[in-house]
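Chemist: Chains as they are written, first to last, in the numbering used here: chain Z, -6 to 170; chain E, 4 to 178. For every residue, glycine included, the Cβ atom is placed at its ideal position computed from N, Cα and C. Keep in mind the model is a prediction, meaning the values are calculated, not measured. Handing you this structure, nothing more for now.
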Amino acid sequence: MKWIRFGVPLLLFVVMAAFLAKGLENDPRHLPSARVDQKVPEFSLPTLNDEAVLVTQQNLKGPLLLNVWATWCPSCRVEHPMLNALSSQGVRIVGLNYKDERAEALAYLEKYHNPYSMVIFDQDGDLGLDLGVYGAPETYFIDANGVIRHRHVGVVSDVEWEQNLSAIWRSLAEEKI
Amino acid sequence: MIPFARLCAAAIAALFLMVTTVSVATIDVYEFENAQQEEDFSVLVQELRCPKCQNQNIADSNAGLAKDIKDRAYKLLRDGKSKEYIIDYMVERYGDFITYRPPVTKNTWVLWFGPFILLIFVVLVLVLRKSTDRKSQGTAHITDEQKQRVDALLKRYDQTGEQYGVENEGEEGKK
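Shown next as structure tokens:
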């Protein structure tokens, strides 16, 4: 009976410690996307450059990256050089200008170079809400059929790209062929 | 001293007043067609969790995203959608994280049933312990030496052990 008195609390402690240790590694701010493996939701929004040009989900057939950004988002400024580099390597990036001012966004792209093949202007964050965006920057990997295959929350850093994201991108690019 | 204390009290009262007016102001932005809609809305903003901020519902959060979700929920309510529809609608976009009542899935069943399993386990342990305690009563736990002494004493007075419950006493003595 003595080993129970000692062993049960010890066992409970070990189990709890294991769970808590695992919890330390998780970043609670990184949520899984509910939209992965689903089509891009229906939308109809103007481009940043021209109010008269409307973009719909039909225009988002990949492989492409849909990058959610805004001028009020400091992390977007951090990842911008990486986006420029990727775009010069031939990665197609569509911008989603999220809850921003048109003039400021245009000036931003003028100043820091425009890596986007096209920028969707989502002033009220409607497409953002339908995608489940909870903070810029976010980057969605969209395949040739317009299906979201992966979401990256936060800065696309060169380390992140090398370690995880480039493999996902390559698999999408190869599918096309 | 007294004027200073009064000043403090007045300042605190003013602070409380400010806080209440602010929170009232955020609720009053939305206008409803009927009491049911208003009721549903207040339940929704309590039960929907802000995805941007850790552990705040969208009623408490000042984040821009919380406002967007409130606005969308309000619009859907005005379109005649039910509370359940709106929760499903948000879960479809933001995942189970957005609701404070997660559905039972293989990831969440421990959350839902874990406490009950623990309760059953504890009750079982208590019941088992109780029954083993009972069983051990009436059994002697004395050494041979003690037994010999008891026998010797009993013999001296020409009596037998069982009658006087000596074995019980023996156990008590040990404890």
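Counting only beta-carbon atoms, is E/Asn171 nearer than 9 angstroms to chain Z?
Modeler: Along the second sequence, read from residue 1 onward, the residue named residue 171 of chain E stands at position 168. Note that E/Asn171 scores a pLDDT of 48, beneath 50, so its modelled location is shaky; the value from the coordinates is reported in the next line. No, because no Cβ of chain Z sits closer than 9 angstroms to the Cβ of E/Asn171.
Chemist: In or out: E/Gly83 buried (at least 16 other Cβ within 10 Å) or exposed?
Modeler: By one-based count along the second sequence, residue 83 of chain E stands at place 80. Counting Cβ neighbours within 10 Å, E/Gly83 comes out exposed, since fewer than 16 surround it.
Chemist: Quick one: what's got a C-beta closer than 8 angstroms to E/Val25's C-beta in the same chain, skipping five residues either side?
Modeler: In the second sequence, the residue the question calls residue 25 of chain E occupies position 22. With a pLDDT of only 47 at E/Val25, under the threshold of 50, the placement of this residue in the model should not be trusted; the figure read from the coordinates follows. Correct list: empty, nothing qualifies.
Chemist: Reducing DSSP to helix, strand and coil, say where E/Lys109 ends up.
Modeler: Counting from 1 along the second sequence, the entry for residue 109 of chain E is found at position 106. E/Lys109 falls in the coil class under three-state DSSP.
Chemist: May I ask you to list the residues that DSSP assigns as paired with E/Arg52?
Modeler: Mapped onto the second sequence, residue 52 of chain E falls at position 49. E/Asn60, per the DSSP bridge assignment.
Chemist: For E/Lys55, decide whether its Cβ has a neighbour in chain Z, counting only Cβ atoms nearer than 9 angstroms.
Modeler: The count along the second sequence starts at 1 and reaches residue 55 of chain E at position 52. Chain Z contact via Cβ: present.
Chemist: Anything in the region 89 to 122 of chain Z with a Cβ closer than 9 angstroms to a Cβ of chain E? List those residues in chain order, please.
Modeler: Hits within the stretch, in order: Lys92, Asp117, Gly118, Asp119, Gly121 and Leu122.
Chemist: Taking the beta strand (DSSP E) that Z/Phe134 belongs to, which residues open and close that run?
Modeler: Taking the first residue of the first sequence as position 1, residue 134 of chain Z is located at position 141. Glu131 to Ile135 is the span of the beta strand (DSSP E), which, as asked, contains Z/Phe134.
Chemist: Would you list the one or two residues that DSSP bridges to E/Phe188?
Modeler: The first residue shown for chain E is 4 and the last is 178, placing residue 188 of chain E beyond what the model contains.
Chemist: Any C-beta of chain Z sitting closer than 9 angstroms to the C-beta of E/Arg75?
Modeler: For this step, residue 75 of chain E is matched to residue 72 along the second sequence. At least one chain Z Cβ lies under 9 angstroms of E/Arg75.
Chemist: What does DSSP give as the partner residues of Z/Arg144 in its beta bridges?
Modeler: Counted from its first residue, the first sequence places residue 144 of chain Z at position 151. Z/Tyr133.
Chemist: Quick one: residues in its chain with C-beta nearer than 7 angstroms to the C-beta of Z/Ala98, no 5 flanking neighbours on either side, listed in chain order?
Modeler: Position 105 of the first sequence, counted from the first residue, corresponds to residue 98 of chain Z. Answer for Z/Ala98: Leu41, Thr64 and Asn90, listed in chain order.
Chemist: CA-CA distance, E/Ile120 and E/Gln40?
Modeler: Here residue 120 of chain E corresponds to residue number 117 of the second sequence, with the count starting at 1. Here residue 40 of chain E corresponds to residue number 37 of the second sequence, with the count starting at 1. One C-alpha to the other measures close to 39 angstroms.
Chemist: CB-CB under 7 angstroms to E/Lys73, same chain, minus the five flanking residues each way: which ones, in chain order?
Modeler: Residue mapping note: residue 73 of chain E aligns to position 70 of the second sequence, counting from 1. Val48 and Ile61, listed in sequence order.
Chemist: What separation, rounded to the nearest whole angstrom, lies between the Cα atoms of Z/Tyr109 and Z/Phe134?
Modeler: Within the first sequence, numbered from 1, the residue matching residue 109 of chain Z stands at position 116. Within the first sequence, numbered from 1, the residue matching residue 134 of chain Z stands at position 141. Z/Tyr109 and Z/Phe134: Cα-Cα distance of roughly 14 angstroms.
Chemist: Measure the C-alpha to C-alpha separation of Z/Val146 and Z/Thr132 and round it to an integer number of angstroms.
Modeler: Here residue 146 of chain Z refers to the residue found at position 153 of the first sequence. Here residue 132 of chain Z refers to the residue found at position 139 of the first sequence. Cα to Cα, Z/Val146 sits roughly 6 angstroms from Z/Thr132.
Chemist: Alpha carbon to alpha carbon, how far is Z/Val7 from Z/Val140? Give it in angstroms, no decimals.
Modeler: Residue numbering aside, residue 140 of chain Z sits at position 147 when the first sequence is read from its first letter. Residue numbering aside, residue 7 of chain Z sits at position 14 when the first sequence is read from its first letter. About 43 angstroms.
Chemist: Is the beta carbon of E/Ala66 less than 9 angstroms from the beta carbon of E/Met93?
Modeler: For the purposes of this step, residue 66 of chain E is identified with residue 63 of the second sequence, where counting begins at 1. For the purposes of this step, residue 93 of chain E is identified with residue 90 of the second sequence, where counting begins at 1. No, they are not a contact pair.
Chemist: Name the chain E residues whose beta carbon is nearer than 9 angstroms to that of Z/Ala27?
Modeler: Taking the first sequence and counting its residues from 1, the one referred to as residue 27 of chain Z is at position 34. Going along chain E in sequence order, the residues near Z/Ala27 (Cβ under 9 angstroms) are Val94, Glu95, Arg96, Tyr97, Gly98, Asp99, Phe100 and Ile101.
Chemist: Can you tell me which of the three DSSP states E/Lys84 falls into?
Modeler: Locating residue 84 of chain E in the second sequence gives position 81, where the first residue counts as 1. If DSSP states are grouped into helix, strand and coil, E/Lys84 belongs with coil.
Chemist: Name the DSSP bridge partner or partners of Z/Val61?
Modeler: Along the first sequence, one-based indexing puts residue 61 of chain Z at 68. Per DSSP, Z/Leu89 and Z/Glu131.
Chemist: Got a sec, what are the start and stop residues for the beta strand (DSSP E) Z/Phe114 sits in?
Modeler: On the first sequence, residue 114 of chain Z is found 121 positions in, with the first residue counted as 1. Start and end: Met111 to Asp115.
Chemist: How about the region 72 to 80 of chain Z and the region 41 to 55 of chain Z: do they share at least three Cβ pairs that are nearer than 8 angstroms?
Modeler: Contact between the region 72 to 80 of chain Z and the region 41 to 55 of chain Z is absent, because fewer than three Cβ pairs lie under 8 angstroms.
Chemist: From this set, Z/Ser150, Z/Tyr105 and Z/Trp62, which residue's C-alpha is nearest Z/Asp115's C-alpha?
Modeler: Residue numbering aside, residue 115 of chain Z sits at position 122 when the first sequence is read from its first letter. Comparing Cα positions, the closest option is Z/Trp62.
Chemist: Tell me the DSSP secondary structure of Z/Pro39 in three-state form.
Modeler: Start at 1 with the first residue of the first sequence, and residue 39 of chain Z comes out as number 46. Three-state result, Z/Pro39: strand.
Chemist: Among Z/Val84, Z/Gln51 and Z/Tyr127, which has the Cα closest to the Cα of Z/His23?
Modeler: Within the first sequence, numbered from 1, the residue matching residue 23 of chain Z stands at position 30. With distances taken between Cα atoms, Z/His23 lies closest to Z/Tyr127.
Chemist: For Z/Gly118, which residues in the same chain have their Cβ closer than 8 angstroms to its Cβ, ignoring the five residues on either side in sequence?
Modeler: Walking along the first sequence from the start, residue 118 of chain Z turns up at place 125. Only Tyr91, Lys92 and Val126 meet the Cβ criterion.
Chemist: Classify E/Arg159: buried if its beta carbon has 16 or more other beta carbons within 10 angstroms, exposed otherwise.
Modeler: Position 156 of the second sequence, counted from the first residue, corresponds to residue 159 of chain E. With fewer than 16 other Cβ atoms within 10 Å, it is exposed.
Chemist: At the level of alpha carbons, what is the spacing between E/Glu34 and E/Trp115?
Modeler: The residue you call residue 34 of chain E lines up with position 31 of the second sequence. The residue you call residue 115 of chain E lines up with position 112 of the second sequence. Roughly 36 angstroms between the two C-alpha positions.
Chemist: Which residues, taken in chain order from the region 112 to 124 of chain E, show a beta carbon closer than 8 angstroms to some beta carbon of chain Z?
Modeler: Those residues of the region 112 to 124 of chain E that come within reach of chain Z (Cβ to Cβ, closer than 8 angstroms) do not exist; the list is empty.
Chemist: Select from Z/Arg95, Z/Ala96, Z/Leu58 and Z/Pro67 the residue whose C-alpha is nearest the C-alpha of Z/Ser80.
Modeler: Counting from 1 along the first sequence, the entry for residue 80 of chain Z is found at position 87. The option with the nearest alpha carbon to Z/Ser80 is Z/Leu58.
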